[in-house]
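Undergrad:
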Amino acid sequence: MVVKIEVNNKVIKARRGETIMSALESVGIKIPSICAMKDFTPTGACRMCVVEIEGRQGLVPSCSQPVNEWMKIKTHSPRVIKARKTIVELLLSNHPDDCLYCERNVNCELQTLAEELNVRERRIMGKKNKYKLDHSSPSIVRDPSKCILCGRCVRVCDERLSVFAIDFVNRGNRTIIGTACNKDLNFSSCINCGQCIMVCPTGALVEKDSIAEVEDALHNKEKTVVIQYAPSVSVTLAETFGVKPGRDISGLINAALRKIGFDKIFDTSFAADLVVMEMSHELMTRKKQKGKLPLISSCCPAWVKYAEQSYPELLPALSTCKSPQQMLGAILKTWYPQVSGTDPGNIFSVAVAPCTAKKFEAQREEMTKKGLSDIDAVITTRELAKLIKLYGIDMNQIEAEEADEPYGTRSSSGKIFGSAGGMTEAVMRTLPYIAGGREPDRIKYPELRGIKGKKEASLKTGKTTYRFAVISGLENAAPLLEAIRAGNCEYDFVEIMACAGGCINGGGQPVGAEENAVRARMKALYGIDESEIIRLAHKNPVINELYRDFLGEPLGEKSISVLHTNYSERKVML
Amino acid sequence: MDKRTSAILAKYPRGHRDCLIPILQDIQEQYGFLSETSVTEVGLYLNLPSSKIYGLATFYNQFRFEARGQFHVRFCHGTSCHVSGAFDIIRELEKKLHIKPGQTTRDGMFSLELVACMGACHLAPLIQVNEVYHTKLTSNDIKEIIDSYIQGEE
């Protein structure tokens with residue numbers, strides 16, 4: 066049903082039941098807002114989006130008010146502009162004045178609003194917020210002083226992740242966002258996914274910076290600095306340099322990293338192939354020996370922490386495989402030193418991840434052996450962009466290069482790990498080979514692609530049928546997890562990714578990406594898969610060499626000791 | 078779980094979230110404050126995340142998160158007390174005890190609570206220490222009152 070409304074003395078058409086804000090958007094009128102989030106129910110809390118409606122005494126928030134036939138709306142009347150401007154002035158009145166030193170300088174919604182509304186003098190003076198910085202988490206730094214209480218982090222944590230780590234604490238002008246009992250983040254139920262950072266309009270939530278450690282290692286002559294980058298990083302990094310989402314620039318990343326001074330550049334997708342080998346074996350073995358099923362993936366460190374704290378009884382079902390990042394890290398500290406003649410103590414291993422939880426994962430006790438961490442530092446896609454800028458590399462001028470041998474060689478099975486469902490698809494391609502030495506009849510599984518919350522597929526190999534499910538976005542996990550807990554789950558393998566869409570939408574990716582961007586990134590990953598020669602993990606020659614020379618066989622003694630780990634229950638305030 | 082907590086929860090067999098505030102009130106009455114353990118236990122019982130319970134409880138002035146001191150000082154901040162200079166008195170109290178409303182001194186002797194109106198406006202400004210009222214105060218009286226409790230203990 067179409068209704069007509071009058072906006073700024075012009076008649077426009079709108080859909081019945083649509084909010085004023087969305088009707089205005091479709092005719093090109095931009096209404097500023099802070100608390101509004103796409104695909105969330107509006108709260109109308111921030112009042113930035115108010116408009117004037119004829120016959121209504123107060124200003125009305127356009128994000129939550131549905132349109133009515135012949136509603137007369139003024140979107141930029143002096144009264145409206147004054148109200149919006151005052152809100153920004155009030156927000157600025159207690160906001161710290163350290164934009165120049167702020168992580169989000171030039172990329173801050175509050176700054177943008179102040180600019181758009183032409184706030185250019187200090188009309189309202191207030192006492193500046195002063196709260197303790199929360200550095201406790203290995204992934205996320207929280208600065209409540211910069212928080213403008215829009216509540217977006219709380220909503221994402223509750224509604225998209227079902228983690229409920231944070232909420233509004235206290236009341237009135239003493240309100241802050243805090244965890245249960247105001248504990249530091251590392252003691253809370255936070256799973257470090259970083260989705261809160263993605264929605265934070267200011268610098269109140271940022272990742273823990275690891276650039277300094279990386280720089281120190283680069284300048285240390287004794288260290289061999291190796292770097293690996295995750296499958297999804299190459300299709301998102303370009304966005305930070307102003308390129309439209311969905312362009313793969315792995316060649317340029319290799320070149321840039323080499324120019325920065327990294328000694329070796331490897332691809333985490335190689336280790337994803339390794340994960341496919343190990344995990345397919347694990348799945349086959351459990352199925353054959355009637356072990357714990359479904360086998361639940363453990364590549365997403367945010368999901369692993371969630372399982373440890375909320376579903377400890379499901380931990381035996383979790384795959385013992387380390388994640389690709391950690392597997393490559395482990396190889397780089399065990400086998401690689403033997404091949405290259407380096408002292409493992411002098412290898413500084415860096416990983417570029419699309420994810421803040423990977424920082425947490427890297428410093429887990431389980432990921433350290435004899436005092437040597439598998440991975441020494443993790444930087445996010447955003448931090449990589451900063452590093453590239455810091456070293457003055459012009460991405461438009463450099464030529465694409467190849468990653469280093471041997472762990473720069475990958476199959477495209479490893480590459481699609483960056484998308485939710487990719488891991489499952491990769492396992493399904495290799496499982497027939499592992500189970501019966503046959504090549505797969507089918508390579509593409511469109512039913513596992515896309516950003517749906519739950520996807521499923523099945524595979525028949527020999528006389529055995531395997532059923533697979535993929536969960537992306539932790540909010541969608543509860544029904545399946547409860548079913549597994551109750552013992553009535555029909556799947557053999559379950560992949561769980563905390564972020565909707567998987568790593569391409571991870572908490573370490575460029576901020577401000579919308580759903581279209583996520584789709585474009587996903588398309589890019591599957592596009593790479595189409596054009597690749599090696600599309601199956603077990604066809605990766607370097608993987609086969611590695612098994613021949615070092616690991617022996619999948620799930621063999623050596624593999625178990627280097628590539629596998631176990632997780633245990635974690636007590637936090639839930 | 079502590080017997081006293083389970084007895085309180087047993088009074089709310091429905092275990093529905095609308096029982097949250099009455100349960101918290103009962104727990105506070107029993108223990109004098111809401112501990113981390115209580116918050117977690119109530120959360121498990123009502124199937125609510127502890128962050129949400131803490132968020133709600135901190136919204137209301139009535140809930141405390143630290144055990145009460147031996148001497149619980151309730152401090153009136155109603156309108157009459159306010160116009161009679163209650164603000165000076167609270168500042169004096171904070172200075173003397175080195176705590177803010179809602180907190181308890183390290184030795185566990187004093188705790189401070191801000192309350193709206195005690196209904197004794199003709200005696201404003203006033204504080205209540207355990208069951209005793211001290212009325213028509215000026216900021217100079219505070220030191221003496223607090224010291225008298227400290228000495229009484231020694």
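Keeping their order, the protein sequence lines are chains A and B. Counting along the first sequence from 1, when you hit position 172 you're at 237 in the working numbering, and nothing is skipped either side. Counting along the second sequence from 1, when you hit position 77 you're at 154 in the working numbering, and nothing is skipped either side. Backbone N, C-alpha and C fix where the C-beta goes; we use that ideal spot for every residue, glycine too.
Tell me the residue span of the beta strand (DSSP E) that contains residue 329 of chain A.
TA: 329-332
Undergrad: Mapping DSSP to helix, strand and coil, what is residue 635 of chain A?
TA: coil
Undergrad: Leaving out the 5 sequence neighbours to the left and right, which residues in its chain are closer than 8 Å to residue 126 of chain B when beta-carbon positions are compared?
TA: 120
Undergrad: Cβ of residue 262 of chain A less than 9 Å from any chain B Cβ?
TA: no
Undergrad: In whole angstroms, what is the alpha-carbon distance linking residue 143 of chain A and residue 117 of chain A?
TA: 10 Å
Undergrad: Indicate, with yes or no, if the ligand PLP has a heavy atom lying under 8 Å from the CB of residue 352 of chain A.
TA: By its list of ligands, the structure shown contains no ligand whatsoever, and the ligand PLP lies outside what it can speak to.
Undergrad: Taking residue 189 of chain B as the reference, give the member of B:115, B:88 and B:177 with the closest Cα.
TA: B:177
Undergrad: For residue 562 of chain A, write down the residues that DSSP places opposite it in a beta bridge.
TA: A:537
Undergrad: For residue 415 of chain A, name the three-state secondary structure that DSSP assigns.
TA: strand
Undergrad: Answer yes or no: does any C-beta atom of chain B fall closer than 9 Å to that of residue 243 of chain A?
TA: Yes, residue 243 of chain A lies at the interface with chain B (some Cβ there is under 9 Å from its Cβ).
Undergrad: Buried or exposed: which applies to residue 550 of chain A, given that a residue is buried once 16 or more other Cβ atoms fall within 10 Å of its Cβ?
TA: exposed
Undergrad: How far does the alpha helix (DSSP H) with residue 489 of chain A in it extend, from its first residue to its last?
TA: 487-501
Undergrad: From residue 589 of chain A to residue 563 of chain A, what does the alpha carbon distance come to, in whole angstroms?
TA: 21 Å
Undergrad: Return the bridge partner residues of residue 601 of chain A from the DSSP annotation.
TA: DSSP output for residue 601 of chain A lists no bridge partner at all.
Undergrad: Following the continuous beta strand (DSSP E) through residue 149 of chain B, name the residue where it begins and the one where it ends.
TA: 148-153
Undergrad: I'd like the list of long-range same chain contacts for residue 12 of chain A, defined as Cβ closer than 6 Å, with 5 residues on each side in sequence excluded.
TA: Residue 12 of chain A falls outside the range modelled here, since chain A spans only 66 to 639, and no answer is possible.
Undergrad: Within 10 angstroms of the Cβ of residue 136 of chain A, are there 16 or more other Cβ atoms? Answer buried if so, exposed if not.
TA: The residue is buried, with at least 16 neighbouring Cβ atoms inside 10 Å.
Undergrad: Would you mind telling me which residues of chain A sit closer than 9 Å to residue 131 of chain B, beta carbon to beta carbon, in chain order?
TA: 232, 234, 243, 244, 245, 246, 247 and 638
Undergrad: Within this structure, are the beta carbons of residue 319 of chain A and residue 470 of chain A separated by less than 9 Å?
TA: no
Undergrad: In the segment 268-319 of chain A, which residue ranges form an unbroken beta strand (DSSP E) of at least 3 residues, counting only runs that do not cross its ends?
TA: 270-272 and 289-294
Undergrad: Per DSSP, what kind of secondary structure is residue 166 of chain A in: helix, strand or coil?
TA: In the structure shown, residue 166 of chain A sits in a helix (DSSP, three-state: H, G or I).
Undergrad: Which residue wins for smallest C-alpha separation from residue 280 of chain A, given the options A:452, A:465, A:509 and A:203?
TA: A:452
Undergrad: CA-CA distance, residue 84 of chain B and residue 95 of chain B?
TA: 18 Å
Undergrad: Residue range of the beta strand (DSSP E) that residue 117 of chain A falls in?
TA: 115-118
Undergrad: Is there a Cβ from chain B that is less than 9 Å from the Cβ of residue 105 of chain A?
TA: no
Undergrad: Work out the CA separation of residue 183 of chain A and residue 153 of chain B for me, nearest whole Å.
TA: 44 Å
Undergrad: Would DSSP call residue 434 of chain A helix, strand or coil?
TA: strand
Undergrad: Return the chain-ordered list of same chain residues with a C-beta closer than 6 Å to the C-beta of residue 498 of chain A, the five sequence neighbours on each side being excluded.
TA: 603
Undergrad: For residue 164 of chain B, return the contacting residues in chain A, with the cut-off set at a CB-CB distance below 7 Å.
TA: By Cβ distance, chain A contributes nothing, its closest Cβ being about 16 Å from residue 164 of chain B, past 7 Å.
Undergrad: Taking the straight line between their C-alpha atoms, what separation do you get for residue 180 of chain B and residue 225 of chain B?
TA: About 21 Å.
Undergrad: Going by DSSP, what residue range makes up the alpha helix (DSSP H) through residue 159 of chain B?
TA: For residue 159 of chain B, the uninterrupted alpha helix (DSSP H) segment begins and ends at 156-160.
Undergrad: Taking C-beta pairs closer than 7 Å, name the residues in chain B that residue 229 of chain A reaches, listed in chain order.
TA: 126, 128 and 129
Undergrad: At a Cβ threshold of 9 Å, is residue 275 of chain A touching chain B?
TA: Between residue 275 of chain A and chain B, the shortest Cβ-Cβ separation is not below 9 Å.
Undergrad: Hey, how far is the Cα of residue 302 of chain A from the Cα of residue 245 of chain A?
TA: 35 Å
Undergrad: List, in order along the chain, the chain A residues whose C-beta lies closer than 9 Å to that of residue 113 of chain B?
TA: 245, 246, 248 and 638
Undergrad: Buried or exposed: residue 333 of chain A, going by 16 or more other Cβ atoms within 10 Å of its Cβ?
TA: buried
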